[in-house]
C-alpha cells in the first residue's frame, strides 16, 4: 500500500514514519483545534479536540503530497529550490540524542548544506517551558470528556473511559489513562489553553518571522526504534546506555511542539543506522503553510533519497 491515513495527537503519524523509514505528515491545526486541513471527528476516536488531527503516512513525501492534494483539492506544489532555503536548527531538539541518530542526522545536514541550504542555529530557550505548560494539561484533561462523548455517540461496546482504559495493554499508555481518569491536570487546563498555548503559538510564529526561516529541522525522535527490555518492558528506554527514561517522553519530545502549537510537521527518512534501523528528520513549517512545507520535503527527499524496503 503506497499511502494511508492515520491520526496524530502528539506524533502518531511522524514517529512511526521515522522508525520505519517512511514519511508521515501532521497538517496544520488552527483556531484552537476548530480548523483542520482534513478531519472527520465522527470517524476518529478522539483524545484531545485541540490537538487531534488526521494525517497521511506514505512510502515517500511525494506520495503524501499527492494524497494531500487529492483530499484538499490543492493545486500543484510550489517549485522549491534547495539553494537559499533558510532552515532553523532548534537547539533543544538536537540535545540528548542517541549517537547513531545524531551521526545520521548531521550527515544529512552536510549533504543539504552542500546543496545550498542555509542552516540557522536557533536557541529557542523558552520552547521546553512553553510546550510543557501546554501539552500535558490539554491532552490529559480533554481526553476524559472527548473519549466519553465519542463512546456514547457511537454506541461503542464499552461505555466508559474506565472500561476502555482497562483494555489498554501498553503499560505506558495505560499510565497516561490513569491520569485521565483522575483528571489530574484539570486545574491547569484553562491557563494551558487560553494563556500558554497562545504564547507558544506566538513564540513559534516569531521564530519563523524573526529569523526569516522557511522551516525548522531536527531528528524526529531522540533514538531509533528500541527493543522491549527484559527488565523495563516497553515503559522505559535508555539512550546510549544511560539511565532509563520514560518511553513516551523520549519519543514525543521532538514531535510535541508542533502538536501543541498546531503548526504542520513532516517526518522523512534521513538514513539507516549500522544495525539497519531507520532514522527520521522532521521539518516543521509556519501555521497554514502545509503545501510549501510538503514542497520543501519533496526537495529534501530528492536529495537524501528514499530508503529501500526491508527484506522480510
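Numbering (full-length UniProt numbering), first residue to last: 1 to 312. Note that CB positions come from ideal geometry on N, CA and C, so glycine has one too. Small disclaimer: the values here were computed from a predicted structure and weren't measured.
Per the C-alpha coordinates, the member of 131, 105, 86, 136 positioned closest to residue 116 is 86. Cβ neighbours of residue 72 within its own chain (closer than 7 Å, five residues either side excluded): 37, 38.
Nearest to residue 306 by C-alpha distance, out of 23, 15, 254, 100, is 23. Under the three-pair Cβ rule at 8 Å, the stretch 193-202 counts as touching the stretch 128-142.
Per DSSP, residue 190 lies in no beta strand (DSSP E); the unbroken alpha helix (DSSP H) holding it starts and ends at 186-191. Here residue 178 is exposed. Its C-beta has fewer than 16 other C-beta atoms within 10 Å. Contact between the stretch 209-220 and the stretch 269-288 is established, with three or more Cβ pairs separated by less than 8 Å. Rounded to the nearest angstrom, the gap between the Cα atoms of residue 296 and residue 288 is 14 Å. Remark: C-beta atoms of residue 138 and residue 53 do not approach each other more closely than 8 Å. Remark: C-beta atoms of residue 17 and residue 259 do not approach each other more closely than 8 Å. Per DSSP, reduced to three states, the secondary structure at residue 298 is helical. Annotation for residue 181: 144, 161, 162, 165 place their beta carbon closer than 8 Å to its own, counting only its chain and skipping 5 residues before and after. For the alpha helix (DSSP H) assignment, the uninterrupted runs of no fewer than 4 residues enclosed by the stretch 87-165 are, from N- to C-terminal side, 99-114, 127-153. Annotated three-state conformation of residue 40 is coil, per DSSP. With a threshold of 16 other beta carbon atoms within 10 Å, residue 78 falls short and is exposed. In this structure, DSSP gives residue 180 a helical state, which the three-state scheme calls helix. Secondary-structure assignment with DSSP links residue 25 through a beta bridge to 266. Cβ-Cβ distances below 7 Å link residue 254 to 93, 218, 219, 220, 221, 222, 282 in the same chain, with the five nearest sequence neighbours on each side left out; the list follows chain order. Here DSSP, grouped into helix, strand and coil, assigns residue 252 to helix. Beyond the five residues adjoining it in sequence on each side, residue 189 comes within less than 6 Å, by CB distance, of 137, 141 in the same chain, given in chain order.
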